[in-house]
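Chains as they are written, first to last, in this note's numbering: chain L, 3 to 477; chain D, 30 to 624; chain W, 394 to 811. What follows is a set of notes on a single structure, which appears directly below.
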Amino acid sequence: MAVQIDKPPGQYQSGQAGPAASEKLGDPGWAWAAYQPDAWQPWNLAQAGHLFRRAAFGADWDQLQQALSDGPQRTIDKLLRPQANIAAFNREHDEYESSTASSTDSLRAWWLRRIIQTPHPLLEKMTLFWHSHFAANGAKVKNARLMQRHVQLLRSQALNSFRALLKAISRDPAVLIWLGAEANRKALPNENFARSLMEAFTLGAGHYTKKDVREAARAFTGWFVLRGQLRYISREHDGNVKQILGQKGNFTSDDVVRIVLEQPATSRTLVRKLYRWLICETAEPDPKLIAPLAQSFAKDYDVLKLVETMLRSNLFFSRVAYRRRIKCPVEFALGIVKGLEGVVSTTQLAQDLADLGQNLYSPPTVKGWTGGRHWINSATLVRRHNLAMALLRGSGPYANKLNPWAVAKKHGCSTPESAARFLLDLFLQGDLGPDVRDALLKKIQTPAAADGDDPAGTLRRFAHEIVTLPDFHLA
Amino acid sequence: MFCNNKPQKSMTLEKVALVLLLAVFAAQSTMAAQTLPPANQWIPQDAVISLELSQPKALLELFAGEKATAAVTALPVYQKQASTPQFKEFLNVIEFLEITLDTDWRTGLSKLTGGGITFAICPEDTLILIIDAEDEHMLEQTHEIFLNIARGEAEKQGQPNRVESTQYEDVTTWTFNGKEAHAIIGKRLVIANRPEGLKAVLELRANGASENLTSKATYQAAKRAAGPDSVATVFADLLILKNIPEIAGLLEQSSNSPLAALFFAGIVEAVRDSSWLALGLHIEDNTLLFRASVDGKTVAPTSPVAFALPSKVGDGALPNLSVPRRIAALSLYRDLHQFYAAKDDLFPERTSGLIFFENMMGIFFSGRDLTNEVLIETQPEIRLVVAEQEYDPAIGTPQIKFPAFAAIFRLRHPEQFKEVAEEAWQKAVGLINFTRGQQAMPGLIIDRPFQGKTKYTVAYFSTSGIEDKTNLDSRFNVRPALAMPGEYLILSSTDGLARDLIDALHQETEQTPKPLAGTHSLVEIEGGQLASILEANRKTLIRQNMVNKGNTQEQAESATDMLISLLKFLDRAKLGIGVHEGLTRFRLELKLNLQ
Amino acid sequence: MFYTRRDFLKAALGTSTLLSFASAAPNFLVRSVMAAAPRRKERDTVLVVVQLSGGNDGLNTVVPYEDDEYARNRPTLRLPTKELHKIDSEMGLHPRMGAFARLYKEGHLSIVQGVGYPNSDRSHEGAMRIWHTADPDQPNRQTGWLGRAIDSVWNPNKTNAPAVFVGPTARPFGLNAENAIVPSIRSLRDLMTGQMPGYSNDQSQKKHAAELPRADKGNPLLGFLQHSTLNAYTNSRRIEAVAKTAANTAEYPSLALAGSFRTVAQLIRADVGIRIFFMEFSGGGIGGFDNHANQLGNHCALLHQLSESVAAFVHDLKRDKLLDRVLLMTFSEFGRTVKENGRRGTGHGAAAPVFLAGGKLKGGLIGPRPSLTDLDNGAPKFHTDFRRVYATVLDQWLGFESRTVLDRQFEPLDVLNV
């Protein structure tokens, strides 16, 4: 299906390609060329907010302001290759995890805390992408240490080489247990890993046959997970010739990984999936648009390069992408937390996110989280409303860790009304139409009676009104 | 005041005001000469809870005395907090007061409150506080100072009318924020959180003959029960309190959980039947002694909770066992056979947990009836001990250090029952091993060594294949043991505690223990040892605090250290519950450590 | 007393909330909200699935009292014939299931005997997994049968929660879906929006900013969220209204299970589009029905709780004329062995009876009584594949397509009056 060209943008709508660009949206040359701000597509607060929603988990006010003065290229540079000592930060957090990792419950709390505090949010964004891609489920694996190492593996290659990642995944005890492939006997080849490898991890349905799976399963024989450890038992390996995806040879597991990576369907599937994650999930992208990126990705499977192309592109900053994704629960909650510059109880947050349908370390099926419109139903929206309330109310399990009034004051607001405008810019970057905006601001002028004239309480309620708006659920 | 969140300025002032609620305000000189009736006669009759501190100085001496102050200020946590701007501001206010009143804070506090403090909670969330100062002039001066602060603050926020005064009969009444109301009458300061509260007090004052708290029969009974020489007394009207949904829910809970029904037997029922609770506080050396009683009828022998009633005069829970590194000990008098036989009355709903328990017991005890063939073999004296573990470096040390737990039962027919228990215990270990084996996990190895003349059974996980023995995972906290010295059966989570208990029981038998007549529950907690195990797990606690509370590492450290420091101030807490002279009585002893 | 859903909701919710949209909101929004309210053309039947965790002893639930083998194999667990609630000349319900016996007489209860599948799995986990996936051949199957059913009818224009699990334990795998988010709730509160502190009461009645009408700026996702947000707040208000009005009108025994049934009844009454409710009885751990020792008292207590709670639920719905929309089915991962085990308990078995309750049942005992001598490893054999029951509720009751859920067509049972 071709990229849908929508109606011209409304006057208050930012982040839109101008009319001249409309017909270019489907042109791969223009789409993937680096975005240069111009009169039609100026670099503004809305574009900066958009970038931080996709390449990070939202931004605080200083980050938005810094981005405005840095311009798009430098901001993207910093997101891709931050200056800070990432390795040291992640080592420290690995150690935190290890010292308390008796259960996946504590792992997910530490991950959320890492996402809040990391100097390299894009790395976590991509780790989350791969977590949904490989979808290992801690409830099935039943070994927190293995799950910890699994996500560490995802992180180590998240912006690196998909080839190295896939190879490591084929030897990852957590993945093998998760897929029920912990025993691969010569006499009884286990097709579980081979099938998931082809269907979910690389080629996608329709690009392989049952026979390919059967033959690939023979190449994986000899690999076992015993008492949580990976073992290779050579006498259990089937050393005979196999025929996989048109190639014939005395293949081992590494050969299978090589062969699936040589298939053009693999890079196409991954580029399409990343397109949905970073750019737009409303419509399937035109194959024409995917082709150039898939070709270049297939050469080296360099994830960073692919992500970089997407983030810098005209398409990324066009209306094809703008607010064309529904936030997953993690993005929804952390967008509030990041914006208000706090750190909250992530033990509690992990549980609340599970109730919203995103239980970290336990994706629902081998296909990960489908997401998109499926995130939304009456129950999950009510729970998003209630989670935002718990985060913002200033007492209860999240205590007083987020305080909109204090943040607004820190950034120079002195009246509730200016603070309200500040919050609108912080969370929605002026995306609201004047009707909704005015109705909202009117609420500030008539404070609730119960807590008299306490601006902190008024601003808490106001922030809650903002983050429960339909617009805020869109990334 | 060690609050982690930054309070805003106005908040700080409010807090200071609260801390020095014990201080405050200006008086009418005309009132100076009058003698005032006891403060409790100014408390409305409908008060739900009243607290009367008749000797505030005794408490001040203990908590604000040189020793305590030195101990607190020596804490690293205190020193850290003392360097924060909020704390400095607080100290400045105190210093200002000291200079203006020409006194030191300790003397000032004592002069401002020395005549007694009375506090009452009345319906509709009305709170009344009456403070009797020793030094009328100082009271007046303090009020003046706070009046000025409040006026300044109100003007700064553009609401100068917030601070105002009115004349009520012959008394000037004040409000600093438009909500609270207070007045000074001679040496007495009366504060209420709402004007209605103050009005009620002033009406009682004007109309001396009218009904006040002291004319209420339940109050009088409670007062008698609390005794005359208490430093402080508390009266609670249970008839009203029991109607509060949260409390009603709490009382209900015991019928939902078998364990709650077992532990809180007799207590919940007594509270449910009572119309008042009385509590008296005594201070001896560094020990706070609370004696509380309720007036509810004691449980009838036919009641389902009679299993917690010492059946003969002189019966009762045994003294607790002392073992090295003991954190807590609990001694109960509970007839388990009678308890389980009454299960349908005590906890009518069969939960899956209960059924699972019965299933397992059925398997371990080879189909014997749990009530009539197993529990009947135990005597009502049951003891539980919790102790910090000592790890053998040759075996290894777990990263997270759990305490050891043990339960000690007294058997009716030890000779017949010993093998039955041993078999059941080994079956349980076997089942665990079989299940773990199915999941390819290492199992427990059974050994039967001696401690003195007692042969006991221990099951343990081997650490021989593990290289780093300093960082073991949590299962190495558990080395379950079964020991049956004499007429006792010890079920312990570790062999170390089992051995200590064998020795402790041996000693106890030599001295023939005397039951604590009438007492059915006795809990003891050692503050220092509890602090010690928290300290051993400090790193883990800090990290849990970080993810559980969203704190920074520094915040988590000071919260954890604060808890540890506070526990160190507690030498021992001891709570005994029993029936004496027809009343259910609670005796709580808090021995403080102010070294 | 309310006689129809529409009357009830009108009284409970007031028309004002809905009508107030009319003045300001664009037409399509008013339509979509009104559409969720009373008159619907599509099917609005509700399925309530009750899982009996641990493996229910079918033989001591629906008792073949005339069969000598029963008495011979159950020396201590045998239930006295004269105390049974006889349903025909051979079979009787457990003595503590008087409430079920009454429902059976009223035609609100059917019993499908001998339900199971070939090569029965005897482990709790394995067998439960099979009942949840409805796929004995693929132990690694990633979705539950109800999860697939929910996904199969997904429609982006209907954003009601499709199904909920009601109870204190973890959500059973049967609801695991590839796409849909199926919530677990403990009480109605979990489906109601809370109120930020500081609002005075009259303000709580006011609309959220999220409900204000606005243009969707050509963004289909914004339109979608606008519509679903409106629907979510409307549903929340309906539940709130029901919680306020109906809290004390129906009598339920004070049991945890009955409390969950009350919650389900209130959600049905609120009419918020939930088609499937899942409940677990005696779950948490292995499950209370797993009576390896001293079975008699425990099993007796559980069956009593089950029948009393279901009966209260049925009567509550019947009084509000909602019963015709509701079908309840029970299941357990397996039955138990015919012979008791020496500890006054029983072992893991195979086939067991399934109870159906509701307003549109043909009633009676369905399928022949399983033999007590021709056994599957010591336990009664199955004759009705459990997926035939699933196909019945999917095709005939919910109006879904069972073939897409179960991968092939199973023959539905002739048990419903639809």
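Every residue, glycine too, gets a C-beta built ideally from N, C-alpha and C.
Please identify the residue among the options whose C-alpha is closest to the C-alpha of residue i.
i	options	result
P763 of chain W	W:A750, W:L754, W:G757 and W:A744	W:A744
S395 of chain D	D:V449, D:A99 and D:K228	D:V449
F292 of chain D	D:A346, D:P471, D:E240 and D:H311	D:A346
K252 of chain D	D:Y197, D:S322 and D:D302	D:S322
P339 of chain D	D:G459, D:I276, D:L365 and D:G515	D:L365
N645 of chain D	D:T204, D:N206, D:P224 and D:Q249	Residue 645 of chain D lies beyond the stretch modelled for chain D, which goes from 30 to 624, so this question has no answer here.
L695 of chain W	W:R668, W:I679, W:G738 and W:L650	W:L650
G547 of chain D	D:E610, D:G181 and D:L534	D:E610
H517 of chain W	W:G681, W:L568 and W:S702	W:G681
G137 of chain D	D:E124, D:L270 and D:I312	D:E124
A299 of chain D	D:L621, D:N622 and D:R614	D:R614
L65 of chain D	D:Q584, D:K216, D:G605 and D:K482	D:K216
I think residue i touches residue j, with their Cβ atoms under 8 Å apart; what is that distance to the nearest whole Å?
i	j	result
G206 of chain L	A267 of chain L	6 Å
G883 of chain W	S653 of chain W	This structure cannot settle anything about residue 883 of chain W, because the visible part of chain W is limited to 394 through 811.
K140 of chain D	D161 of chain D	Contact doesn't hold; Cβ gap of about 11 Å is too wide.
L28 of chain D	E516 of chain D	Examination of residue 28 of chain D is not possible in this model, given that chain D is present from 30 through 624 alone.
S545 of chain W	E733 of chain W	43 Å between Cβ atoms; not a contact.
L350 of chain D	L534 of chain D	7 Å
L81 of chain L	L47 of chain L	Rounded, the Cβ-Cβ distance is 17 Å, inconsistent with contact.
D266 of chain D	W305 of chain D	6 Å
V352 of chain D	L530 of chain D	6 Å
N810 of chain W	L754 of chain W	7 Å
With 16 as the cutoff for other CB atoms within 10 Å, does residue i come out buried or exposed?
i	result
N272 of chain D	exposed
K411 of chain L	buried
A520 of chain W	buried
T730 of chain W	buried
I128 of chain D	exposed
R465 of chain W	exposed
W113 of chain L	buried
A277 of chain D	exposed
A704 of chain W	buried
S503 of chain D	exposed
F510 of chain D	One detail in the question is off: residue 510 of chain D reads as Ala in this sequence, not Phe. With 16 or more Cβ atoms within 10 Å of its Cβ, A510 of chain D is classed as buried.
T474 of chain W	exposed
Exercise. Is the region 89–106 of chain L touching the region 329–347 of chain L in the sense that three or more CB pairs, one from each, lie closer than 8 Å?
Worked result: The region 329–347 of chain L makes no contact with the region 89–106 of chain L; the number of CB pairs closer than 8 Å stays below 3.
Problem set entry | Cβ contact (3+ pairs, closer than 8 Å) linking the region 72–90 of chain L and the region 459–467 of chain L | Output reads no: the region 459–467 of chain L does not touch the region 72–90 of chain L.
For this session: Could you say if the region 463–480 of chain W and the region 707–727 of chain W meet the contact criterion of at least three C-beta pairs nearer than 8 Å?
Result: Proximity of the region 463–480 of chain W to the region 707–727 of chain W falls short of the contact definition, fewer than three beta-carbon pairs being nearer than 8 Å.
Exercise. Three or more C-beta pairs closer than 8 Å, one from the region 59–70 of chain L and one from the region 435–444 of chain L: is that the case here?
Worked result: No, they do not touch.
Exercise. Relative to chain L, which residues along the region 496–516 of chain D have a C-beta separation below 8 Å, given in chain order?
Worked result: For the region 496–516 of chain D, which is checked against every Cβ of chain L, the residues closer than 8 Å are D502 and S503.
For this session: Answer yes if the region 192–205 of chain D comes into contact with the region 130–149 of chain D, meaning at least three C-beta pairs across the two stretches below 8 Å, and no otherwise.
Result: Under the Cβ criterion (8 Å, minimum of three pairs), the region 130–149 of chain D does not count as touching the region 192–205 of chain D.
Problem set entry | the region 354–374 of chain D contacting the region 408–425 of chain D, beta-carbon criterion three pairs below 8 Å | The region 354–374 of chain D vs the region 408–425 of chain D: in contact.
Problem set entry | Residues of the region 661–679 of chain W whose Cβ lies closer than 8 Å to any Cβ of chain D, in chain order | So the list reads S675, G676, G677, G678 and I679, given in the order they occur along the chain.
Problem set entry | the region 325–354 of chain L: positions lying closer than 8 Å to chain D by Cβ | Listed in sequence order: G344, V345, V346, S347, T348, T349 and Q350.
Problem set entry | Contacting positions in the region 738–771 of chain W - beta carbon closer than 7 Å to chain D | Here the close residues are G738.
For this session: Identify each residue in the region 563–578 of chain D for which the Cβ-Cβ distance to at least one residue of chain L is less than 9 Å, and report them in chain order.
Result: Among the residues of the region 563–578 of chain D, those with a Cβ less than 9 Å away from any Cβ of chain L are K568, T569, R572, Q573, M575, V576, N577 and K578, in the order of the chain.
For this session: Please name the residues in the region 110–122 of chain L whose beta-carbon is closer than 7 Å to at least one beta-carbon of chain D, in chain order.
Result: When CB distances to chain D are screened at a threshold of 7 Å, the residues of the region 110–122 of chain L falling below it are A111, W112 and R115, in chain order.
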